[in-house]
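Quick note on my numbering: the sequence shown kicks off at 4 and runs consecutively.
Don't be surprised by glycine CBs; every beta carbon is placed ideally from N, CA and C.
Some notes on the structure that comes next.
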Amino acid sequence: MTLALDGGPPVRIRPLPYARQSTNEEDLQAVVAALQSDWLTTGPRVDEFERELARALGNNHAVAVCNGTAALHCAAYAMGIGSGDEVLVPSMTFAASANCVAFLGGRPVFVDVDPDTLLIDPEKALQAVTPRTQAILAVDYAGQPCDYDRLSEIAGEHSLGLIADACHAPGATYRGRPVGSLADVSTFSFHPVKHFTSGEGGAVLTADEEKARRMKLFRNHGILTDHRKREQTGTWFYEMVDLGYNYRLTDLQCALGMSQLRRLPGWVHRRRQLADHYRSLLANLPAVRPLAAAVDRTHSYHLFPVRLDLACLRVDRGQVFAALRAEGIGVNVHYIPVHLHPYYRERFGTGPGLCPVAEQAYQELLSLPMFPLMSEDDADDVVTALDKVIRAYAR
Ligand SMILES: *Cc1c(COP(=O)(O)O)cnc(C)c1O
4 MTLALDGGPP
14 VRIRPLPYAR
24 QSTNEEDLQA
34 VVAALQSDWL
44 TTGPRVDEFE
54 RELARALGNN
64 HAVAVCNGTA
74 ALHCAAYAMG
84 IGSGDEVLVP
94 SMTFAASANC
104 VAFLGGRPVF
114 VDVDPDTLLI
124 DPEKALQAVT
134 PRTQAILAVD
144 YAGQPCDYDR
154 LSEIAGEHSL
164 GLIADACHAP
174 GATYRGRPVG
184 SLADVSTFSF
194 HPVKHFTSGE
204 GGAVLTADEE
214 KARRMKLFRN
224 HGILTDHRKR
234 EQTGTWFYEM
244 VDLGYNYRLT
254 DLQCALGMSQ
264 LRRLPGWVHR
274 RRQLADHYRS
284 LLANLPAVRP
294 LAAAVDRTHS
304 YHLFPVRLDL
314 ACLRVDRGQV
324 FAALRAEGIG
334 VNVHYIPVHL
344 HPYYRERFGT
354 GPGLCPVAEQ
364 AYQELLSLPM
374 FPLMSEDDAD
384 DVVTALDKVI
394 RAYAR
C-alpha cells in the first residue's frame, strides 16, 4: 500500500492527536461559579483544592502552584538544594526536572536509565553519589513509578533527600502505595496534556508540615501574611522573610482542577485499558516494542512510548515519525535526553556518551497517542498505520 507520505490515502482522514484534554459541563459551571465569586486569585478554592489533592494523591499536605515547573522549583527549595549541591536526575525526562536544580545554583548529575522501563537505574544513581550529593530526583517516566524502595534505601544510607517528579503519574501506585506518598516531596503538573488539568497548574505533596509551610512562603514572595488574612484582620502589615516568587495558582484554576480531579480514577482506568489493547495488538509487530511494566506497580500511562527495532528497518525513527504523521497519527517523541541540550553541554560540560542507554532509547522512541477519550478503534488505526509504515520500510 502506498504510504500517505508518498501520495497514497492516509489511514486516518481526521488526524488523531497524541494527547487531548477533556472538559465537560461541570468543569464549565465550576469555573463560572469561581468567576462570579469574590475571589479570582488566592481565595478559598486554593485550600479546598489542596485538601482534595492531598486526599486523592495520598499524602498529608499539598501546596498548589502555577505549573509543574514551579512545583519542581518549590520541591528542590524545600529539600534545601543550594549553590554547588549535586542532585541525581535521570536523563530521560523533560528538561524542567533538571532545571529546578540549576534554578537554585545546584548541579544536576545525569544518571542513566533502565533499558526496559527507562526509569532511573537505582544502582547507577548509587554509583554517582559524591560528598556533594544532596538528593535524588526520580521521574516516573510515562506514568510508571520508579523503584522507590531501593531509591529510599540508597537515600537513607547516604543522607540524601528524595524528590519525585510525578508529573506523569498521578493515580499510579508502587507496591500498593500511591504516587504522591513515595518521596520526601512529590511534584505534579496540571497542564492540559497531563492526566487532569487546571489550564496551567501544579502541586507539591509532602508528609512534612514544615516543608509545606516553607513552600507556601516560597510561592508567595517569601511573604508571611496572605491577602485574605490581611483583609480579615484589617491591617496592612506583612513581612518578607525569605526570597520567594509569585507561583500562586488562581481560584479560577483551582475550580477547574477540583472538578477535573474527580474524574482522575476513571481516566487512569481508561488509560490502562487502552495500554492493554495496544500491548495485545503490538504483540503481532515485533519491530515495535512497548516498554516493560513492573508487576509490583500500577502504571497510569501518561504516555505510551514504544521503541522501534531499527535493525528491521531501512530508515531511521525520524522517517517513521514523518510517515505516521502523514497517515494522520499524532505520534511524538519523549524525550531528547536532557544532557544533550545545548544549555547543559555549555554550562555543565555534558554530552554524548554520558548516558548511553537513554541516548540509544532516544534514537528508537515514539510515543503513541494516549488519552482517555480515545476509542479502541483509534488505537486500531494507530497500529494499522504502524504496520503499514513498517512494512513499507522493512529491510
Ligand atoms: C509536564 C512536566 C513538567 C512540567 O510541568 P509544567 O506544568 O508544564 O511546568 C515537569 N516534569 C515532567 C516530567 C513533565 O512531564
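Beta-carbon proximity of F97 to C170, cut-off 9 angstroms: yes
Starting from the Cα of L165, find the closest Cα among F199, A128, A175, T5 and give me that residue. A128
Once the 5 residues before and after V182 are set aside, which same chain residues still bring their CB inside 8 angstroms of it? L60, G61, D143, P148, A167, A169, A172, P173, G174, A175, T176, S189, S303
From A186 to K197, what distance separates their C-alpha atoms? 20 angstroms
Got a sec: does ligand 1 put a non-hydrogen atom nearer than 8 angstroms to the Cβ of K391? no
With burial defined as no fewer than 16 other Cβ atoms inside 10 Å of the residue's Cβ, what is the status of R178: buried or exposed? With fewer than 16 other Cβ atoms within 10 Å, it is exposed.
Take G352 and list the residues in its own chain whose beta-carbon comes closer than 6 angstroms to its own, dropping the five residues that flank it on each side. none
DSSP state of T301 mapped onto helix, strand, coil: strand
With three or more C-beta pairs closer than 8 angstroms as the rule, is the stretch 76-91 touching the stretch 330-338? No, the stretch 330-338 is not in contact with the stretch 76-91.
So, T136 versus N102, is the Cβ gap smaller than 9 angstroms? no
Say yes only if the C-beta of D187 is nearer than 8 angstroms to one or more non-hydrogen atoms of ligand 1, and no if none qualify. no
Can you check which of these residues, A290, L121, N335, is closest to V318 by C-alpha distance? A290
Verify whether the separation of the beta carbon atoms of A7 and D254 is less than 9 angstroms. no
Beta bridge counterpart(s) of H64 as assigned by DSSP: T209
Short of 7 angstroms in beta carbon distance, which residues of its chain neighbour T301, apart from the five on each side in sequence? Order them along the chain. Taken in chain order, the residues that qualify are A175, T176.
Taking its Cβ as the centre, do 16 or more other Cβ atoms sit within 10 Å of S378, making it buried, or is it exposed? exposed
What are the start and end residues of the beta strand (DSSP E) that includes V309? 307-311
From G260, D390, L246, residue whose alpha carbon lies closest to that of C315: D390
Would a C-beta distance cut-off of 9 angstroms place L107 and A145 closer than the cut-off? No, these two residues do not count as a Cβ contact at 9 angstroms.
Considering Cα atoms alone, identify which of R348, Q39, G225 is closest to R251. G225
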